[in-house]
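Enquirer: First residue of the sequence shown: 3, per my numbering; consecutive thereafter.
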Amino acid sequence: MHRVRQQPIPQFALYGESSLKQQPGLVHIEDIADRSREHDWLIKPHRHTRLFQILLLIKGKLQVQLDESSQELQGNWAVSIPPGCVHSFQFPADTQGIVLSAEASLFSLQTQQFQSLTALLTNPHTVNFEEQDVLFAQVQTYLALIRQELKQAYIGQEAMLSWLLATLLMSLWRQLQYTDTQMHSNPKSSQTFQHFRQLLEAHYRDQWEVQTYADALHTSVSSLNRLCQEKAGSSVKGLLQERLLLEAKRRLIYTQESLERIADSLGFKDPAYFSRFFKKLAGLPPSDYRKAKYLEMGTSE
3 MHRVRQQPIP QFALYGESSL KQQPGLVHIE DIADRSREHD WLIKPHRHTR
53 LFQILLLIKG KLQVQLDESS QELQGNWAVS IPPGCVHSFQ FPADTQGIVL
103 SAEASLFSLQ TQQFQSLTAL LTNPHTVNFE EQDVLFAQVQ TYLALIRQEL
153 KQAYIGQEAM LSWLLATLLM SLWRQLQYTD TQMHSNPKSS QTFQHFRQLL
203 EAHYRDQWEV QTYADALHTS VSSLNRLCQE KAGSSVKGLL QERLLLEAKR
253 RLIYTQESLE RIADSLGFKD PAYFSRFFKK LAGLPPSDYR KAKYLEMGTS
303 E
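1) Would you list, in sequence order, the uninterrupted beta strand (DSSP E) runs of no fewer than 3 residues that lie entirely inside the region 119-152?
2) Would R245 pass as a contact of Y215 if the rule is Cβ separation under 8 Å?
3) When the Cα of V88 is compared with those of I264, P94, N130 and Y256, which residue comes out closest?
4) Could you give the C-beta distance for Q55 and V101, rounded to a whole number, given that I count them as a contact under 8 Å?
5) How far does the beta strand (DSSP E) with K61 in it extend, from its first residue to its last?
6) Pick helix, strand or coil for W175, following the three-state DSSP scheme.
7) What do you reckon, are the CB atoms on L53 and G99 nearer than 8 Å?
8) Shortest alpha-carbon distance to K46 belongs to which of K63, Q67 and G235?
9) How would you call H220, buried or exposed, if buried means at least 16 neighbouring beta carbons within 10 angstroms?
10) What do you get for H41, buried or exposed, if any count of 16 or more other CB atoms within 10 angstroms of its CB means buried?
11) Where Q196 and A121 are concerned, what is the direct C-alpha to C-alpha distance, given to the nearest angstrom?
12) Grab the span of the alpha helix (DSSP H) containing I157 for me, first residue to last.
13) Leaving out five residues on either side along the sequence, give the residues of the same chain with a beta carbon under 8 Å from the beta carbon of E32.
14) Say whether the region 161-179 touches the region 132-143, bearing in mind that this needs 3 or more beta-carbon pairs closer than 8 Å, one atom from each stretch.
15) If contacts are defined as beta-carbon pairs under 8 Å, then P94 and K63 qualify, I think. What distance do you get, rounded to the angstrom?
16) Taking the alpha carbon of F280 as the point to measure from, which residue in S260, L248 and A294 has its own alpha carbon closest?
17) By the three-class DSSP mapping on this structure, what secondary structure does K46 have?
18) How many Å lie between A168 and F109 at the Cα?
19) Rounding to the nearest angstrom, what Cα-Cα distance links I157 and L226 in this structure?
20) Spatial neighbours of S265 within its chain, please: C-beta separation below 6 Å, excluding the five flanking residues on both sides.
21) Among the candidates I148, L170, Q159 and Q200, whose CA atom is the shortest distance from the CA of V141?
22) Assuming E203 and T124 form a contact by the criterion Cβ under 8 Å, report the distance between their Cβ atoms to the nearest whole angstrom.
23) Look up N227 in the DSSP assignment and give the residues it is bridged to.
24) At which residues does the alpha helix (DSSP H) containing A284 begin and terminate?
25) Is it the case that the Cβ atoms of L268 and P288 are separated by a distance below 8 Å?
26) In this structure, does DSSP put E96 in helix, strand or coil?
27) Report the residue from H127, E105 and A35 whose alpha carbon sits nearest the alpha carbon of Q92.
28) Going by DSSP in three states, F270 sits in which element: helix, strand or coil?
Quick look at the structure:
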C-alpha cells in the first residue's frame, strides 16, 4: 500500500541554493547555461519568495511551466516570473540566453511612479520579440549594462542598478503594449483591463464583488464584463474564480497547509464552502486533488 508523502515545492533564493549569493542590491545575473548545464538542462518546478526573475531566450527553444500553464517557446522571448509563481524550464543543450534575478522590493519606486508596471510584477508573462526589434536590442543592452555594473563596486551602484532594472522592465512593458495594440485597436480599454488585473491581484483574497471592481474602475458591471470577455474570453466572475482556484491549487500542491487554513487565507467563510467551490471548478474535492497531484509528481512512497 502506498502512502502519500506531503512534499512542498522547493523555495530557493536561486535554483538549488538556500540563500542568494552576496550581490549589491540583491541582483544576480547569469547565462542560462551556467546553472542549467549542471542540471542536464532541466530546472524542476520551484518558486522564489522575494525574487523577481526575467529569462531572456536568444534564438533558442524552451519548454516553460508557469503555475499550471505550459508553453513551448522558440525564437526570441522574455519570460517574467513574479515572486511566488511556480515555474520550471527545459532547454535543449547549449541554449543561449540570460537569467536576471532581483529583489522584488527594488521595483517599488518604479511601480509607484508608473503603476502599469505592476502587471509584470504580479503575473507571469511571456513576451515575444522579432530578432530585429529595437526593444529586443534594448533589453539585451540593459542586461549587459547590469552585468557590467555588478563586476565593480562603483559608488551609487544600488541606485544605478535600480535605474537599469526600471528601464529593462519598461522595455518589456512596451513590447507587451505593442503586441496588445497589434491585436486590439483600443489602447484605453487595454489600460483599463490592466488596471482590473492589478486590482484583482491585490484583492482576490478579499473576494471583492464584481460591482466593487466596477466602482473602483469607474465603469459599469456590464462594460467591465464586455471588456473581460474581449481581453480574456471570460466574465469578471469567471476571472475572479480562476484566480482563487489557481491560488488554492498552489497551496494544495506546494504547501502542507490544512484545508481550514487555505480556506481562511482565501476569504472563504468555512472549509465546507471552500470545498464546494473547489469541487465545482476543479471537478474533485480539494483533498482528492492534493492526493492526485502528489501521486502525479511522484511524491508517494
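The beta carbon of each residue, even a glycine, is placed where N, CA and C say it ideally should be.
Expert: In short:
1) 127-131
2) Working through the sequence shown from its first residue, we reach residue 245 at position 243. Working through the sequence shown from its first residue, we reach residue 215 at position 213. The answer is no: Cβ separation not under 8 Å.
3) Here the question's residue 88 lines up with position 86 in the sequence shown. For the residues I264, P94, N130 and Y256, the minimum Cα distance to V88 belongs to Y256.
4) Along the sequence shown, one-based indexing puts residue 55 at 53. Along the sequence shown, one-based indexing puts residue 101 at 99. At roughly 6 Å, the Cβ-Cβ gap stays under 8 Å, so Q55 and V101 are in contact.
5) In the sequence shown, counting from the first residue as 1, residue 61 sits at position 59. Per DSSP, K61 belongs to the beta strand (DSSP E) from L53 to L68.
6) Numbered from 1 along the sequence shown, position 173 holds the residue referred to as residue 175. Of the three classes helix, strand and coil, the one that applies to W175 here is helix, per DSSP.
7) To locate residue 53, count along the sequence shown from 1; it is residue 51. To locate residue 99, count along the sequence shown from 1; it is residue 97. The answer is no: Cβ separation not under 8 Å.
8) Reading the sequence shown from its first residue, position 44 is the one you call residue 46. Comparing Cα positions, the closest option is Q67.
9) Within the sequence shown, the letter at position 218 stands for residue 220. With fewer than 16 other Cβ atoms within 10 Å, it is exposed.
10) Walking along the sequence shown from the start, residue 41 turns up at place 39. Classification for H41: exposed.
11) Numbered from 1 along the sequence shown, position 194 holds the residue referred to as residue 196. Numbered from 1 along the sequence shown, position 119 holds the residue referred to as residue 121. C-alpha separation (whole angstroms): 7 Å.
12) For the purposes of this step, residue 157 is taken as the residue at position 155 of the sequence shown. It is not in any alpha helix (DSSP H) - I157 carries neither H nor E in the DSSP assignment.
13) In the sequence shown, counting from the first residue as 1, residue 32 sits at position 30. Answer for E32: I100 and V101, listed in chain order.
14) yes
15) On the sequence shown, residue 94 is found 92 positions in, with the first residue counted as 1. On the sequence shown, residue 63 is found 61 positions in, with the first residue counted as 1. Sure, about 5 Å apart at Cβ, within 8 Å.
16) Stepping through the sequence shown from its first residue, residue 280 is reached at position 278. Sorting S260, L248 and A294 by C-alpha distance to the C-alpha of F280 places L248 at the top.
17) Counting from one through the sequence shown, the residue named residue 46 turns up at place 44. K46 falls in the strand class under three-state DSSP.
18) Start at 1 with the first residue of the sequence shown, and residue 168 comes out as number 166. Start at 1 with the first residue of the sequence shown, and residue 109 comes out as number 107. C-alpha separation (whole angstroms): 7 Å.
19) Residue 157 sits at position 155 when you count from the first residue of the sequence shown. Residue 226 sits at position 224 when you count from the first residue of the sequence shown. Distance between the alpha carbons of I157 and L226: 48 Å.
20) Along the sequence shown, one-based indexing puts residue 265 at 263. At residue 265 the sequence reads Ala, which differs from the Ser that was named. Around A265: P273 and F276.
21) In the sequence shown, the residue the question calls residue 141 occupies position 139. When each option's Cα is compared against that of V141, the closest is L170.
22) In the sequence shown, the residue the question calls residue 203 occupies position 201. In the sequence shown, the residue the question calls residue 124 occupies position 122. About 4 Å separates the two Cβ atoms, so the contact holds.
23) Indexing the sequence shown from 1 puts residue 227 at position 225. Paired residues: none, contrary to the question.
24) The sequence position of residue 284 within the sequence shown is 282, counting from 1. Its alpha helix (DSSP H) spans residues P273 to A284.
25) Position 266 of the sequence shown, counting from 1, holds the residue named residue 268. Position 286 of the sequence shown, counting from 1, holds the residue named residue 288. No. Outside cutoff.
26) In the sequence shown, residue 96 corresponds to position 94, counting from 1. The amino acid at residue 96 is misidentified as Glu; the sequence shows Asp. It is coil, neither helix nor strand.
27) Counting from one through the sequence shown, the residue named residue 92 turns up at place 90. By alpha-carbon distance to Q92, the top candidate from H127, E105 and A35 is A35.
28) Locating residue 270 in the sequence shown gives position 268, where the first residue counts as 1. In the structure shown, F270 sits in coil (DSSP, three-state: anything other than H, G, I, E or B).
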